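Number of protein chains: 4
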Amino acid sequence: MTHDPERRRDLAHVGPLELYTPVLEESRDFFVNQLALREVGRDADSIYLHTWDDYLSWTIRLIRRERAGVGTTFVRAASAAAFERVRAEIELAGLVDGIDAGVRGLGEVVRFHDPDGHPMGLYWEAGWYVPDETDTPALKNQAAAFPGRGANVRRLDHVNYLTKDVPGTSRFLADVLGARCTERIVTDEGEDAAIWFNLGNKSYDLVYTQDWTGANGRLHHLAFATDTREDILRAADVMLEAGIHIETGPHKHAIQQTFFLYVWEPGGNRIELCNAGARLILAPDWKTISWTAAERAKGQAWGLKTIDTFHTHGTPVLPVE
Amino acid sequence: MTHDPERRRDLAHVGPLELYTPVLEESRDFFVNQLALREVGRDADSIYLHTWDDYLSWTIRLIRRERAGVGTTFVRAASAAAFERVRAEIELAGLVDGIDAGVRGLGEVVRFHDPDGHPMGLYWEAGWYVPDETDTPALKNQAAAFPGRGANVRRLDHVNYLTKDVPGTSRFLADVLGARCTERIVTDEGEDAAIWFNLGNKSYDLVYTQDWTGANGRLHHLAFATDTREDILRAADVMLEAGIHIETGPHKHAIQQTFFLYVWEPGGNRIELCNAGARLILAPDWKTISWTAAERAKGQAWGLKTIDTFHTHGTPVLPVE
Amino acid sequence: MTHDPERRRDLAHVGPLELYTPVLEESRDFFVNQLALREVGRDADSIYLHTWDDYLSWTIRLIRRERAGVGTTFVRAASAAAFERVRAEIELAGLVDGIDAGVRGLGEVVRFHDPDGHPMGLYWEAGWYVPDETDTPALKNQAAAFPGRGANVRRLDHVNYLTKDVPGTSRFLADVLGARCTERIVTDEGEDAAIWFNLGNKSYDLVYTQDWTGANGRLHHLAFATDTREDILRAADVMLEAGIHIETGPHKHAIQQTFFLYVWEPGGNRIELCNAGARLILAPDWKTISWTAAERAKGQAWGLKTIDTFHTHGTPVLPVE
Amino acid sequence: MTHDPERRRDLAHVGPLELYTPVLEESRDFFVNQLALREVGRDADSIYLHTWDDYLSWTIRLIRRERAGVGTTFVRAASAAAFERVRAEIELAGLVDGIDAGVRGLGEVVRFHDPDGHPMGLYWEAGWYVPDETDTPALKNQAAAFPGRGANVRRLDHVNYLTKDVPGTSRFLADVLGARCTERIVTDEGEDAAIWFNLGNKSYDLVYTQDWTGANGRLHHLAFATDTREDILRAADVMLEAGIHIETGPHKHAIQQTFFLYVWEPGGNRIELCNAGARLILAPDWKTISWTAAERAKGQAWGLKTIDTFHTHGTPVLPVE
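Chains as they are written, first to last, in full-length UniProt numbering: chain H, 1 to 321; chain R, 1 to 321; chain G, 1 to 321; chain D, 1 to 321.
This is how it looks when you write it as structure tokens:
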């Protein structure tokens with residue numbers, strides 16, 4: 001499966017994004033103290049947080065909900081014309097849920113959902129982050145001051161959703177959003193069990209994994225990028241001291257070769273810290289890498305067996321039948 | 001100066017590239033032993049080398065010449081249609097030098113030159129690297145085996161050319177190649193002294209700096225990307241042991257925030273090892289960062305004064321009048 | 001259990017050391033290519049190897065044997081007088097096996113054995129490493145040139161032996177060798193299951209773990225120190241490409257907080273690459289840290305469960321009853 | 001000049017230490033926010049600070065003074081008997097200033113001074129650090145919780161004093177304190193210009209450099225150890241954002257091969273962050289490394305020229321004649 005280089009790249013990147021948590025303040029403290037995000041706004045039931053090198057006015061919004069999970073993922077169009085083209089594709093697919101002009105820091109948002117029901121929002125116009133006197137960076141080519149705290153995550157990296165229909169979601173990503181599949185896991189029956197799609201040169205931005213429960217709209221994890229692998233090793237010590245549950249890592253994935261650490265934030269959502277080194281997908285005709293069940297069974301790059309909860313924990317957490 | 005998001009991104013990346021050297025074998029040994037490239041071919045007067053994660057069949061070609069310098073820089077179009085669009089722009093600009101179907105590993109190449117005379121080649125069709133039994137990677141999403149040697153450079157990153165006409169070159173990059181200016185140095189007279197342009201999400205791929213000698217077609221440096229800053233610290237020890245001239249670094253640039261090491265390969269060409277951490281330009285409407293002469297005078301990010309030879313050494317080396 | 005500061009420190013360090021392997025050349029290639037040791041001598045059935053910053057003339061000697069395992073561990077006295085004092089203690093304990101003046105690079109060696117039967121050699125006089133023109137270091141305060149290859153291990157760090165009598169070995173280390181116990185694992189019955197002893201400021205040099213088979217004289221692992229944790233992460237990629245069995249890691253031990261990677265060299269011996277950061281035992285009255293079985297059950301520092309083979313693999317490998 | 005292995009090692013380590021500053025609170029904020037020390041006590045004119053892995057109850061005491069500089073350096077004896085032996089040597093040398101039983105956290109202190117007049121204190125009895133509920137470490141073999149903030153310095157590493165009499169100070173270190181010279185800079189006239197002495201396995205603990213002003217009792221710098229070189233690279237970004245003056249680095253010294261960063265704390269004292277990797281002096285008969293003026297002129301390990309202020313700035317700052 002080779003990428004179609006002629007297909008226009010109409011989406012720039014993923015973000016900002018909404019995350020649900022039953023313990024709003026505890027989750028806020030985790031993102032601020034352990035990941036080094038900054039609180040940039042709040043209302044009755046939500047808090048807006050910003051990573052130090054995100055050009056947008058906010059990176060994630062924590063929303064108080066009874067159960068953890070992912071809210072709306074906003075995706076930015078690559079241009080005003082691209083916004084109209086993707087909007088047309090979404091309408092054609094009958095996935096539009098409405099238009100919203102009231103999202104903080106963004107212009108008009110076309111609200112829609114993926115085939116699995118995850119809420120999404122397409123936008124073009126966006127306000128840029130304006131630091132105040134306490135977080136003005138020393139270097140003008142950076143969004144905000146370097147925090148030098150905890151994991152120091154630079155920016156949002158990707159979202160990994162659970163879905164009960166991987167093939168359908170794959171068609172949606174390719175045909176409606178124009179994303180490209182860089183890697184995938186194929187079952188012995190020849191069906192996709194997990195798919196990694198990218199929008200630009202990053203090796204992936206949107207990931208979908210088969211939901212073992214058959215439920216809809218759940219989250220596997222949300223990931224933030226760090227500058228170095230050392231940031232991730234340090235983060236592990238930071239999580240240990242803070243009593244944050246470390247699920248697995250630091251280690252390296254064979255798939256996409258990402259150096260990773262997975263923790264569960266206080267609300268229960270799985271958060272990944274990731275570093276890709278200098279790896280980028282520069283080939284416009286990249287050939288999708290397919291991993292077999294046997295290859296997947298080998299575990300991570302350096303032989304670590306994949307931890308069981310990786311296949312049993314998602315948010316919202318569902319009652320076991 | 002804000003990027004024009006509507007301008008189509010018709011170039012995928014820079015590379016492969018030709019480099020001239022008066023000491024072919026010594027230069028080859030440097031790239032193989034200290035940077036960890038692999039020799040993949042040679043003819044009477046040149047040697048083809050490959051970095052371990054370049055999907056193309058070769059990364060740089062060392063050519064025996066009386067004087068060091070840069071040869072042809074090949075740039076890959078983003079698609080077959082993009083190839084035709086850029087080809088038309090180059091013809092319109094009257095910069096075409098001819099068509100070449102004989103470049104190793106590439107399909108038809110449109111040979112042209114930038115306004116300063118640096119030879120370039122536009123291509124779309126390209127053969128991919130095929131490892132042999134001695135460098136087949138353990139992970140199938142990697143071009144070749146990880147060498148674990150010296151600086152372990154992953155891939156070609158960017159080229160920094162010297163030019164006597166920065167403004168003219170800037171128009172060429174924007175209007176003919178459709179590249180985007182992410183950062184620049186502006187003189188007190190308001191003229192560009194150096195410009196950094198990118199083609200995708202990397203913060204820069206092509207850089208032009210004012211040539212203090214007024215000569216044409218010279219090279220400031222060629223850069224390779226490493227996965228970590230630690231690779232660059234280790235590289236410094238490797239260069240020290242090998243007796244390679246370390247010009248400056250390891251340190252961090254304020255401009256583009258690149259962590260760097262500059263050395264002179266045996267042939268005299270300046271080679272940079274660089275690491276950008278997780279920094280990428282994801283904003284489709286990125287606003288060009290302008291640095292003043294005063295800001296530049298501050299030196300590098302952490303206060304290191306820019307070394308004099310950085311403003312006096314280029315290749316080919318010109319006789320001092 | 002607090003250290004006795006009055007007890008004189010009569011041993012300087014562990015090393016050199018002999019290692020048995022059934023595949024001499026394959027083991028040699030592993031230590032040279034993946035760990036960056038240098039071959040400095042050989043005879044009919046053995047090869048001498050040197051780490052780049054070992055002041056001694058050789059670091060380990062690989063000896064061809066039918067079965068893998070540890071040979072003689074040589075320990076250097078802190079002075080000529082210290083040599084006599086320790087020699088007297090060994091004689092008093094009735095552990096002397098003889099005197100040997102024929103060990104390469106060492107002066108007179110008092111051969112003895114620990115209570116479990118591991119052969120050891122006490123020496124004072126030693127020749128220093130003399131680099132030749134191919135490995136003379138650029139910096140005169142270093143034993144040999146920095147190899148910049150694979151794991152780049154700087155020096156031998158410690159030896160972890162298996163023993164059927166931990167308490168007896170503990171008394172031997174304290175009373176005969178004058179070593180100090182920095183950390184230990186205590187069973188619910190109050191008995192030591194594993195003990196870490198040091199000779200100077202390193203947190204440990206000699207480790208003994210209960211041998212689950214009840215056998216004598218076996219090896220759990222031999223460890224080499226790297227300068228950074230990044231060296232160990234890179235080493236994991238190097239081992240992966242070389243097809244070397246990675247048993248566990250890279251990860252961090254709770255005990256001693258060592259960042260580690262365990263691999264099995266071609267001969268079957270377990271080799272650890274370790275980094276302690278800036279951690280040293282500077283307190284002369286250090287209080288031994290005791291870990292309970294419950295604490296040990298928590299696994300490694302960041303929650304990784306200890307791999308089963310860590311409790312079932314030792315060399316020589318014994319036939320399962 | 002070879003070490004005398006028979007000379008007993010009667011001093012365990014350097015620290016705690018007093019530092020003078022004209023801006024007490026600003027200096028305190030630097031050590032707490034940028035270096036990650038913790039405030040553990042204060043009185044009218046001083047503040048006690050602790051590094052996260054110092055087993056002692058405090059690491060440095062900031063004292064308000066009109067001018068910056070170093071106060072008393074306390075050195076711990078290796079045992080009660082060692083305390084008496086060194087005390088006798090100090091008395092024999094006629095350097096005793098008095099006995100003090102009132103130093104926070106320490107037992108009886110023999111106050112004395114080096115030949116240059118720097119105040120010192122010898123002690124044996126010392127109280128250990130007791131973390132409270134807010135900084136109890138997750139791992140029991142660590143003094144306090146890992147802060148994960150700024151430079152995260154683990155412990156005090158060494159002190160570099162300025163002296164007008166290097167040879168006299170050298171005799172004092174060797175004959176009175178029993179320290180050993182690991183490296184030195186020798187002038188063309190054959191005199192020591194700078195000397196590095198160690199007490200245990202660290203490559204150095206006490207350093208004296210010729211004071212170009214001919215003054216007495218001044219400080220060149222105080223150094224703290226970090227676990228990795230990455231901690232030091234990050235620290236540079238942290239200092240940049242905090243507006244702390246970065247004098248030189250990050251870079252690597254040829255002498256002792258220390259990876260370093262030098263900054264001036266708000267009070268004016270030069271502070272070094274250092275990392276030695278896995279380098280230790282394990283040879284009991286280490287041969288002192290002598291560097292010539294010519295070798296020193298080469299600059300740092302990777303060719304960086306030594307910055308001028310390194311030879312002109314010391315504390316207290318003296319009026320230029």
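Using N, Cα and C, we set each Cβ at its ideal position, and we do this for glycine too.
As the structure is a computational prediction, the values presented were derived from the model and not from experiment.
State the beta-bridge partners of residue i as determined by DSSP.
i, result
"residue 77 of chain H", "H:11"
"residue 246 of chain H", "H:263"
"residue 21 of chain R", "R:64"
"residue 196 of chain H", "H:183 and H:207"
"residue 126 of chain D", "D:106"
"residue 120 of chain G", "G:73 and G:112"
"residue 278 of chain R", "Answer is none; residue 278 of chain R lacks a bridge partner."
"residue 160 of chain H", "H:207 and H:221"
Figure out for me which residue from the options has the closest Cα to the Cα of residue i.
i, options, result
"residue 247 of chain G", "G:268, G:14 and G:255", "G:268"
"residue 114 of chain G", "G:220, G:266 and G:173", "G:173"
"residue 258 of chain D", "G:139, G:204 and G:134", "G:139"
"residue 107 of chain G", "G:121, G:295, G:95 and G:302", "G:121"
"residue 69 of chain G", "G:196, G:8 and G:117", "G:117"
"residue 88 of chain R", "R:178, R:21, R:229 and R:157", "R:178"
"residue 134 of chain G", "G:128, G:146 and G:126", "G:146"
"residue 301 of chain R", "R:252, R:276 and R:56", "R:252"
"residue 272 of chain G", "G:244, G:282 and G:280", "G:244"
Starting from residue i, follow the beta strand (DSSP E) in both directions and report where the run begins and ends.
i, result
"residue 290 of chain H", "289-292"
"residue 66 of chain R", "Neither: residue 66 of chain R is in no beta strand (DSSP E) and is coded neither H nor E."
"residue 166 of chain H", "It is not in any beta strand (DSSP E) - residue 166 of chain H instead sits in the alpha helix (DSSP H) that spans 166-171."
"residue 270 of chain D", "270-275"
"residue 133 of chain G", "It is not in any beta strand (DSSP E) - residue 133 of chain G carries neither H nor E in the DSSP assignment."
"residue 46 of chain H", "46-50"
For residue i, which residues in chain H fall below 7 Å Cβ to Cβ?
i, result
"residue 303 of chain G", "246"
Just the chain D side, please: which residues come within less than 7 Å of residue i by C-beta, in chain order?
i, result
"residue 233 of chain R", "229"
Among residues of its own chain, excluding the 5 on either side of residue i, which ones have a beta-carbon nearer than 8 Å to its beta-carbon?
i, result
"residue 291 of chain G", "183, 184, 185, 186, 254 and 255"
"residue 109 of chain R", "74, 99, 100, 101, 103, 121, 122 and 123"
"residue 33 of chain D", "149, 150 and 242"
"residue 8 of chain R", "82, 85 and 178"
List, in chain order, every chain R residue whose beta-carbon is nearer than 7 Å to that of residue i.
i, result
"residue 126 of chain D", "Here the premise fails: no neighbours, minimum Cβ distance about 37 Å."
Excluding five sequence neighbours on each side, which residues of the same chain lie with their C-beta closer than 6 Å to the C-beta of residue i?
i, result
"residue 64 of chain H", "24 and 45"
"residue 213 of chain G", "318"
"residue 30 of chain G", "265 and 266"
Identify, in the order they occur along the chain, each residue of the same chain with its Cβ nearer than 7 Å to the Cβ of residue i, setting aside the five sequence neighbours on each side.
i, result
"residue 236 of chain R", "246, 250 and 261"
"residue 288 of chain H", "1, 181, 182, 183 and 184"
"residue 6 of chain H", "none"
"residue 299 of chain D", "305 and 306"
Which bits of chain R does residue i rub up against, with CB to CB less than 8 Å?
i, result
"residue 137 of chain G", "241"
Starting from residue i, find everything on chain D with Cβ-Cβ shorter than 8 Å and list it in chain order.
i, result
"residue 237 of chain H", "146 and 148"
Listing by chain order, which chain G residues have their CB less than 7 Å from the CB of residue i?
i, result
"residue 108 of chain D", "In chain order: nothing, as chain G lies at least about 16 Å away."
Taking Cβ-Cβ distances shorter than 9 Å, what residues in chain G pair up with residue i?
i, result
"residue 283 of chain D", "12, 13, 55, 56, 76, 126 and 128"
Please compile the residues from chain D whose C-beta is within a distance smaller than 9 Å of the C-beta of residue i.
i, result
"residue 79 of chain G", "4, 5, 6, 7, 284 and 285"
Quick check on residue i - is its C-beta less than 7 Å from some C-beta in chain C?
i, result
"residue 59 of chain H", "The question asks about chain C, but that chain is absent: this structure's protein chains are H, R, G and D."
Whose Cβ in chain G lies nearer than 8 Å to the Cβ of residue i?
i, result
"residue 275 of chain D", "278"
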